[in-house]
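S.K.: For the sequence shown, the working numbering gives the first residue as 347, with consecutive numbering after it. Where a beta carbon is used, it is the ideal one built from N, C-alpha and C, also for glycine. Note that this is a predicted model, so its numbers are computed, not measured.
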Amino acid sequence: MNYHKDLANIKAKLTGAVPLTWVFVGDSITHGAFHTYGWRSYPELFAERLRYELNRPLDVVVNTGISGNKTQDILDRLDWRVLRFKPDVVFLMIGTNDSTFGRDGIDTFRANISVFIESVRQTSAIPVINTPNPILTDYLPNRKDMSLYIAVLREMAQVNDVVLIDHYQHWQTAKPNINSMMIWLNDSLHPNEYGHREIARLIFKNLDIFDNSPTCSLYVP
Numbered sequence: 347m348n349y350h351k352d353l354a355n356i357k358a359k360l361t362g363a364v365p366l367t368w369v370f371v372g373d374s375i376t377h378g379a380f381h382t383y384g385w386r387s388y389p390e391l392f393a394e395r396l397r398y399e400l401n402r403p404l405d406v407v408v409n410t411g412i413s414g415n416k417t418q419d420i421l422d423r424l425d426w427r428v429l430r431f432k433p434d435v436v437f438l439m440i441g442t443n444d445s446t447f448g449r450d451g452i453d454t455f456r457a458n459i460s461v462f463i464e465s466v467r468q469t470s471a472i473p474v475i476n477t478p479n480p481i482l483t484d485y486l487p488n489r490k491d492m493s494l495y496i497a498v499l500r501e502m503a504q505v506n507d508v509v510l511i512d513h514y515q516h517w518q519t520a521k522p523n524i525n526s527m528m529i530w531l532n533d534s535l536h537p538n539e540y541g542h543r544e545i546a547r548l549i550f551k552n553l554d555i556f557d558n559s560p561t562c563s564l565y566v567p
């Protein structure tokens, strides 16, 4: 399966001498806008882990996440936001805003994810799908169908043998109720600094670059 091949390839690249280009694309969660209150977002934590702690200063980490984005927004500017950087690895986290289309938007979402995967792979880059964190749908009724969009991300990762990092499942397991989940959220949707640290940590663990370094050891309640 390409999933195992792609993951092994990423891990091999991380131990190689060739500098890499990593692109993160998504919505406000990836953007890291406002809700971190100046603390590092998960792409920034990733950059610190690679470029300093793993002694890969020539690696380039690009974040083109934009608050409010949906899959179509990313596809509309894919050349500018992803492909022009000639990335080695592309991390996508999306779906929270697409879920406002409800059940009627599922087929379009699935098609857009398929186009994204194919477009990235045509450049020989490795796509990595990240499910977004859970949200408090009781307070966001326009996103009540978000779990259906998460299911599509999992489905598309499986069907296309794409590496999947399932933050949604991890958060639901680690913080199973509203009170506990709010420790990682700034509001009903956006991760705070702790949430971003936990997102970064799960990425590190999936890529086998998690250890007792300062970035990996940042406090997360």
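#1: Ignoring anything shorter than 4 residues, give me the alpha helix (DSSP H) runs that lie fully in the stretch 354-421, in order along the chain.
#2: From this set, V566, Y495, Y388, V435, which residue's C-alpha is nearest L366's C-alpha?
#3: Among R423, R430, R467, K490, which residue has its Cα nearest to the Cα of G451?
#4: So Y388 packs on H542, CB below 8 Å; how close in whole Å?
#5: At the 7 Å Cβ level, is R397 part of the contact set with chain B, yes or no?
#6: Using the beta-carbon count (16 or more within 10 Å), is N458 buried or exposed?
#7: To the nearest angstrom, how far is it from the Cα of L564 to the Cα of L494?
#8: So, with DSSP's three-state summary, where would you put N476?
#9: Rounded to a whole number of angstroms, what is the C-alpha to C-alpha distance between S460 and E394?
#10: Could you check if T376 is buried or exposed, using at least 16 other CB atoms within 10 Å of its CB as the buried criterion?
#11: With DSSP collapsed to three states, give me the class of M502.
#12: Confirm, please, whether the CB-CB distance from K357 to D507 is below 7 Å.
#13: Taking C-beta to C-beta, are D373 and T442 nearer than 7 Å?
M.R.: Quick answer:
#1: The stretch 354-421 contains these whole alpha helix (DSSP H) runs: 374-377, 388-394.
#2: Here residue 366 refers to the residue found at position 20 when the sequence shown is read from its first residue. Residue V435 holds the alpha-carbon nearest to the alpha-carbon of L366 among V566, Y495, Y388, V435.
#3: Here residue 451 corresponds to residue number 105 of the sequence shown, with the count starting at 1. Closest by alpha carbon: K490.
#4: The residue given as residue 388 occupies position 42 in the sequence shown. The residue given as residue 542 occupies position 196 in the sequence shown. That belief holds up - the Cβ atoms of Y388 and H542 are roughly 5 Å apart, short of 8 Å.
#5: No chain B appears in the structure shown, which is made up of a single protein chain.
#6: Numbered from its first residue, the sequence shown carries residue 458 at position 112. By the 10 Å Cβ count, N458 comes out buried.
#7: Taking the first residue of the sequence shown as 1, we reach residue 564 at position 218. Taking the first residue of the sequence shown as 1, we reach residue 494 at position 148. Within the model, the alpha-carbon separation for L564 versus L494 is close to 32 Å.
#8: For the purposes of this step, residue 476 is identified with residue 130 of the sequence shown, where counting begins at 1. Correct three-state label for N476: strand.
#9: For the purposes of this step, residue 460 is identified with residue 114 of the sequence shown, where counting begins at 1. For the purposes of this step, residue 394 is identified with residue 48 of the sequence shown, where counting begins at 1. For S460 and E394, the distance between alpha carbons rounds to 31 Å.
#10: Residue numbering aside, residue 376 sits at position 30 when the sequence shown is read from its first letter. The residue in question, T376, is buried, as its Cβ has 16 or more Cβ neighbours within 10 Å.
#11: Sequence index remark: in the sequence shown, residue 502 carries index 156 (1-based). Reduced to three states, the DSSP call for M502 is helix.
#12: What you label residue 507 is simply residue 161 of the sequence shown in a count that begins at 1. What you label residue 357 is simply residue 11 of the sequence shown in a count that begins at 1. Pairing D507 with K357 gives a Cβ-Cβ distance that is not under 7 Å.
#13: Start at 1 with the first residue of the sequence shown, and residue 373 comes out as number 27. Start at 1 with the first residue of the sequence shown, and residue 442 comes out as number 96. Yes, the Cβ-Cβ distance between D373 and T442 is below 7 Å.
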